[in-house]
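Enquirer: Got a structure for you, questions after.
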Amino acid sequence: MSATQINYRSLNEENTTVINIHELETSYEVEDTPRNSGVLVHTVPEKNKTRWNHIQDLDSFFTKMYQYHQKHGFSVILVDEIFQLFVFTFVIWLLVFTANCLNHDMLFGNVPPPNNHSRVAINDVIYPVDKCLESFGSMTYLILIISALYFFIRTVKFFFNITQYWDIKKFYNTALNIGDSDLDNITWYEVKKKVREVQAEQNMCIDKDHLTDLDIYHRILRFKNYMVALMNKNLLPAKFNIPLFGEVVGLSRGLLFNIDLILFRSPGSPFQNNWQLRDDYNIRGNQVDLAKRLSKLILWVALANLIFSPLIFIWQIIYFSFTYANILKKEPGALGMRTWSNYGRLYLRHFNELDHELDARLNRAYEYADKYLSSFSSPLLAVFARNILFISGGLLVVVLALGIYNEFVFQIEHVVTLITVLSAIGLICRSLIPDDNLIWCPEQLMTAILAHVHYLPSSWKNKSHTTLVQKEFGYFFQFKANYVLYEIFSPLITPFLLLFVFRPKALEIVKFFRSFTVFVRGVGNVCSFAQMDVRKYGNPEWQLDNSVFNNNADDNNENQISCCPNNGKIELSLLRFTLTNPDWQMPSEAINFVNGIRENAIAELSKAKTKDFRLNALTESLISFGTMGDEYSSVARSLLERCNIRENNECFNERVYDINHAQRQDHFEQMLQQNLGEKSQCNERMRSKSVKALNSSFGRNDMKKLRTSKLEGRLEGPSQSLLHSLYGPESLWEHSPSDLTIADMCLSTLYLHEIHNRKQKSEQPINAATIESTNKPSETVLTSNVGETTPLLTGT
Numbered sequence: 002m003s004a005t006q007i008n009y010r011s012l013n014e015e016n017t018t019v020i021n022i023h024e025l026e027t028s029y030e031v032e033d034t035p036r037n038s039g040v041l042v043h044t045v046p047e048k049n050k051t052r053w054n055h056i057q058d059l060d061s062f063f064t065k066m067y068q069y070h071q072k073h074g075f076s077v078i079l080v081d082e083i084f085q086l087f088v089f090t091f092v093i094w095l096l097v098f099t100a101n102c103l104n105h106d107m108l109f110g111n112v113p114p115p116n117n118h119s120r121v122a123i124n125d126v127i128y129p130v131d132k133c134l135e136s137f138g139s140m141t142y143l144i145l146i147i148s149a150l151y152f153f154i155r156t157v158k159f160f161f162n163i164t165q166y167w168d169i170k171k172f173y174n175t176a177l178n179i180g181d182s183d184l185d186n187i188t189w190y191e192v193k194k195k196v197r198e199v200q201a202e203q204n205m206c207i208d209k210d211h212l213t214d215l216d217i218y219h220r221i222l223r224f225k226n227y228m229v230a231l232m233n234k235n236l237l238p239a240k241f242n243i244p245l246f247g248e249v250v251g252l253s254r255g256l257l258f259n260i261d262l263i264l265f266r267s268p269g270s271p272f273q274n275n276w277q278l279r280d281d282y283n284i285r286g287n288q289v290d291l292a293k294r295l296s297k298l299i300l301w302v303a304l305a306n307l308i309f310s311p312l313i314f315i316w317q318i319i320y321f322s323f324t325y326a327n328i329l330k331k332e333p334g335a336l337g338m339r340t341w342s343n344y345g346r347l348y349l350r351h352f353n354e355l356d357h358e359l360d361a362r363l364n365r366a367y368e369y370a371d372k373y374l375s376s377f378s379s380p381l382l383a384v385f386a387r388n389i390l391f392i393s394g395g396l397l398v399v400v401l402a403l404g405i406y407n408e409f410v411f412q413i414e415h416v417v418t419l420i421t422v423l424s425a426i427g428l429i430c431r432s433l434i435p436d437d438n439l440i441w442c443p444e445q446l447m448t449a450i451l452a453h454v455h456y457l458p459s460s461w462k463n464k465s466h467t468t469l470v471q472k473e474f475g476y477f478f479q480f481k482a483n484y485v486l487y488e489i490f491s492p493l494i495t496p497f498l499l500l501f502v503f504r505p506k507a508l509e510i511v512k513f514f515r516s517f518t519v520f521v522r523g524v525g526n527v528c529s530f531a532q533m534d535v536r537k538y539g540n541p542e543w544q545l546d547n548s549v550f551n552n553n554a555d556d557n558n559e560n561q562i563s564c565c566p567n568n569g570k571i572e573l574s575l576l577r578f579t580l581t582n583p584d585w586q587m588p589s590e591a592i593n594f595v596n597g598i599r600e601n602a603i604a605e606l607s608k609a610k611t612k613d614f615r616l617n618a619l620t621e622s623l624i625s626f627g628t629m630g631d632e633y634s635s636v637a638r639s640l641l642e643r644c645n646i647r648e649n650n651e652c653f654n655e656r657v658y659d660i661n662h663a664q665r666q667d668h669f670e671q672m673l674q675q676n677l678g679e680k681s682q683c684n685e686r687m688r689s690k691s692v693k694a695l696n697s698s699f700g701r702n703d704m705k706k707l708r709t710s711k712l713e714g715r716l717e718g719p720s721q722s723l724l725h726s727l728y729g730p731e732s733l734w735e736h737s738p739s740d741l742t743i744a745d746m747c748l749s750t751l752y753l754h755e756i757h758n759r760k761q762k763s764e765q766p767i768n769a770a771t772i773e774s775t776n777k778p779s780e781t782v783l784t785s786n787v788g789e790t791t792p793l794l795t796g797t
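For the sequence shown, this note's numbering gives the first residue as 2, with consecutive numbering after it.
Following this line, the structure appears as structure tokens:
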């Protein structure tokens, strides 16, 4: 998107222009779904694809279009919606049947079987229909009435959603020429490309002639981008203190639903429709009144949650019990596995990142995160666990042996319960006992995690081995059991979080919407951070050159800098978006930022060719990148080798250096063997393949292991990416697999973090022109005594 296509108007200006659209009906199917209008598509009489020449609610249309692709078409969506109605009906029937239609005395053996039978038959336990109905009490009828009302609402929503998805199906089949059978073979990137072509032909959006990738992302993720920014500004009730328990960190799905309802979808929310903030936010001097109004809305929503919390709590117990009952029967250790928490997913999310893109990125970090947390153990707990495991195992063996000798043992009361409890104790104890063959390498694992998740607190640098970092990272990557328990009890906690944690921030939230909302032509009001404008909202500490900030007096003031995201959110989001959307035309400021990183990397790699080479930001990033595994070490090794054996003008834009190639090759051989070889011993998977990977040449087979997600689709990336720039113009990149974008983003992340670390330490700007003077105070001479710690996290 060119800069001329964006009409920036901060809400601090009183003359902000907005578009008045009819109020839309609230719908919350998934967390990213905006409200749906009563008429999703304005249909014109033509029977061909020109019926989509004017779409009244593009936000809902693009969101449904994205969901249609991710849910694999109309048939799958229809069956899933039907089963959701059936599951709800089944749960209500099962509860009523269990409570009123079973003879519990006969079921539990409190009375003898009728007619002197030796065993109790099923008919003896189940009451007849008439007797079952007679046992219904007032509470049962109340539950049935509420359930019938909810079922009616869900049924209306079912037909409404199916009607919308039927329109989306016609759009895919007619306008995009994509059948449902082809959805699994086409990526979201290709769908977006076809949508832009349809826009050029038919003007689905009447406010502008051409849609960009960023326009589509803005409409799908308009509210989600605000949530990411609110998380970055610590305005969400994610951290709170509980007496006797201390600090608790987490975001339940119910709490996120209520926040989304309060801020975006309720009648009194700051947004009056999908794409427009209320006009009151354009007026200066009414922030206190708006804060009081928002505080009152939060109060009413909290009270509603408090009233319905018992019912919701019971429903949560039933839902999670039914969901995990069969799983726990087959895999009792399933709750001992880890998962990314809702808090972690929102903290680690980029601006303008769709759900499937986030899932694919976090899935690639799962293995490293699990190994990192599994490497920590408490010696005291391990001693307790070993002895308790021995005792519980002895009891279990005795009970099972007696049962095998005589089956009557299993008929004794609570014997089966005892076996289950002893087995569960054994699972818990085994999880607390460390693996004797485990190699402890927290710094290397944290580097690999950072390369994929992209955002970790800078205070963790040099402290990955500490219990504090392990505890804080556990908030992002928690046990499944903790996740389930928190979700079950969240209805009892959510009202108090809304009242005592979220409500006091009402004024700050009003100021946030006022200060960080801009109007974009053809899109409406969006979060200003989601524009990824590194000049206006970027953080100088994460950029190579501060001249942009220093020369702009309006933007470079203390208040503006304090409002910048402090973890590189804007910069890294921009890098990821440019790689996954290569057709997007960046504004000039974004082009300068991205090109500046590549030019700076080329300059630093050129310095590595000198005889008195010292580690700089790029080479340390390459070493850290190489320790992530054989598929990554092969890229780092081949890149360094190629840039040493080729002529200088092929690798560095025809720059001439009078350097002995043999000496450079010997030096890099030492560096690679010392850093990529020894550090890879920390991880068993990396250790077994490290030597082979380091001696392999760069090719197609090496990069097949980067594990591109099927849902993520084809990631082509621009030809001017960081790895392309470093590798040189004459290369075999066109024969490489498309998932090189993953490797490029990992290296770019490590490189930008290393630059940030060095800049914080030296407090001097780092750029291609001053790279030599900047690096000298912080350079580290490579020695033969290299420890486990990874250069990225240890600093220099």
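We treat Cβ as the ideally placed atom computed from N, Cα and C, and that holds for glycine.
Within the chosen definition, does the region 203-220 reach the region 522-529 through at least 3 CB pairs nearer than 8 Å?
Expert: As far as the Cβ criterion goes, the region 203-220 touches the region 522-529, which means the pair count is three or higher.
Enquirer: For the candidate residues D185, P238 and N54, whose alpha-carbon lies nearest to that of G74?
Expert: With distances taken between Cα atoms, G74 lies closest to D185.
Enquirer: Consult DSSP for I22 and reduce its assignment to one of helix, strand or coil.
Expert: Only weak support exists for where I22 lies, its pLDDT of 32 falling under 50; the coordinates are left without a value.
Enquirer: Measuring alpha carbon to alpha carbon, tell me which of W53, L403 and I146 ends up nearest T175.
Expert: Comparing Cα-Cα distances from T175 to each of W53, L403 and I146, the minimum goes to W53.
Enquirer: Evaluate the contact criterion for the region 114-123 versus the region 143-150: three or more CB pairs, one atom per stretch, below 8 Å.
Expert: The answer is no - the region 143-150 does not touch the region 114-123, with fewer than three Cβ pairs under 8 Å.
Enquirer: Look at the alpha carbon of S379 and the alpha carbon of E248, and state the distance between them as a whole number of angstroms.
Expert: The alpha-carbon atoms of S379 and E248 are separated by roughly 21 Å.
Enquirer: Within the region 74-118, note down every full alpha helix (DSSP H) run reaching 4 residues or more, in order along the chain.
Expert: Runs of the alpha helix (DSSP H) inside the region 74-118: 75-101 and 105-108.
Enquirer: Considering only DSSP beta bridges, list what N526 is partnered with.
Expert: F520
Enquirer: Give the straight-line distance between the Cα atoms of Q682 and V535, rounded to the nearest whole angstrom.
Expert: With a pLDDT of 46 at Q682, under the threshold of 50, the modelled position of that residue is not reliable, and no figure is offered here.
Enquirer: Of the choices E600, N104, N226 and Y67, whose alpha-carbon is the least far from that of Y173?
Expert: Y67
Enquirer: Could you round the C-beta distance between L403 and I420 to whole angstroms and report it? I think they count as a contact, below 8 Å.
Expert: Not really, about 11 Å apart at Cβ, beyond 8 Å.
Enquirer: Just list the residues that DSSP pairs F272 with in beta bridges.
Expert: L278
Enquirer: May I ask whether a heavy atom of the ligand NAP can be found less than 8 Å away from the beta carbon of Q445?
Expert: Here there are no bound small molecules, and the ligand NAP is not part of this structure.
Enquirer: Quick check on R708: does DSSP put it in helix, strand or coil?
Expert: Any reading at R708 needs caution, since the residue's pLDDT is 48, under 50, leaving its predicted position unreliable; the model's value is listed next. Looking at R708 - three-state DSSP - the assignment turns out to be coil, as it is neither helix nor strand.
Enquirer: Between which two residues does the beta strand (DSSP E) carrying I243 extend?
Expert: K240 to I243
Enquirer: Just curious, the beta strand (DSSP E) that W341 is in, first and last residue?
Expert: R339 to W341
Enquirer: Measuring only the C-alpha atoms, how far is P496 from A303?
Expert: 5 Å
Enquirer: Going by alpha carbons, who is nearest to S589 out of A604, Y633, M533 and F626?
Expert: M533
Enquirer: To the nearest angstrom, how far is the alpha carbon of N768 from that of I260?
Expert: Because N768 carries a pLDDT of 46, less than 50, the predicted location of this residue cannot be relied on, and no value is offered for it.
Enquirer: Report the rounded CA-to-CA distance for V400 versus S342, giving the unit in angstroms.
Expert: Roughly 39 Å separates the two Cα atoms.
Enquirer: Quick one: what's got a C-beta closer than 6 Å to I328's C-beta in the same chain, skipping five residues either side?
Expert: A335
Enquirer: Just checking my contact of L623 with L640 at CB under 8 Å: how many whole Å lie between their CB atoms?
Expert: 7 Å
Enquirer: For G269, which residues from the same chain have a beta carbon less than 7 Å from its beta carbon, with the 5 sequence-adjacent residues on both sides left out?
Expert: R294 and L298
Enquirer: Quick one: what's got a C-beta closer than 6 Å to A370's C-beta in the same chain, skipping five residues either side?
Expert: I450 and F478
Enquirer: Can you tell which of L349, K762 and M629 has its C-alpha closest to the C-alpha of K372?
Expert: Comparing C-alpha distances from K372 to each of L349, K762 and M629 shows the shortest one belongs to M629.
Enquirer: Based on the DSSP output, what are the partners of Q479 in its beta bridges?
Expert: DSSP lists T340 as the beta-bridge partner residues of Q479.
Enquirer: At what residue ranges does the region 440-510 contain a whole run of the beta strand (DSSP E), taking only runs of 3 or more?
Expert: Taken in chain order, the complete beta strand (DSSP E) segments of 3 residues or longer contained in the region 440-510 are 478-480.
Enquirer: Rounded to whole angstroms, how far is the Cβ of A591 from the Cβ of I756, which I believe are closer than 8 Å?
Expert: Actually they do not touch by this definition, with Cβ atoms about 17 Å apart.
Enquirer: Going by Cα to Cα distance, which pick from F258, L103, F159 and V97 is closest to S139?
Expert: V97
Enquirer: Can you give me the start and stop residues for the beta strand (DSSP E) that V249 sits inside?
Expert: Here the beta strand (DSSP E) through V249 covers G247 to V250.
Enquirer: DSSP state of G355, grouped into three classes?
Expert: The question names Gly, but residue 355 is Leu in the sequence shown. Coil.
Enquirer: If you run the structure through DSSP and keep just helix, strand and coil, what is N557?
Expert: Residue placement at N557 is poorly supported in this model, since its pLDDT is 45, which falls under 50; the coordinates still yield a value, given next. Here N557 sits in coil by DSSP.
Enquirer: Would you mind reading off the limits of the alpha helix (DSSP H) that contains Q200?
Expert: That run of the alpha helix (DSSP H) goes W189 to Q203.
Enquirer: Within the same chain, show all residues whose beta-carbon is closer than 6 Å to that of I315, passing over the 5 residues directly before and after it, in chain order.
Expert: none
Enquirer: When DSSP builds the beta bridges, which residues end up paired with I127?
Expert: L103
Enquirer: Helix or strand or just coil, what does DSSP make of L401?
Expert: Looking at L401 - three-state DSSP - the assignment turns out to be helix.
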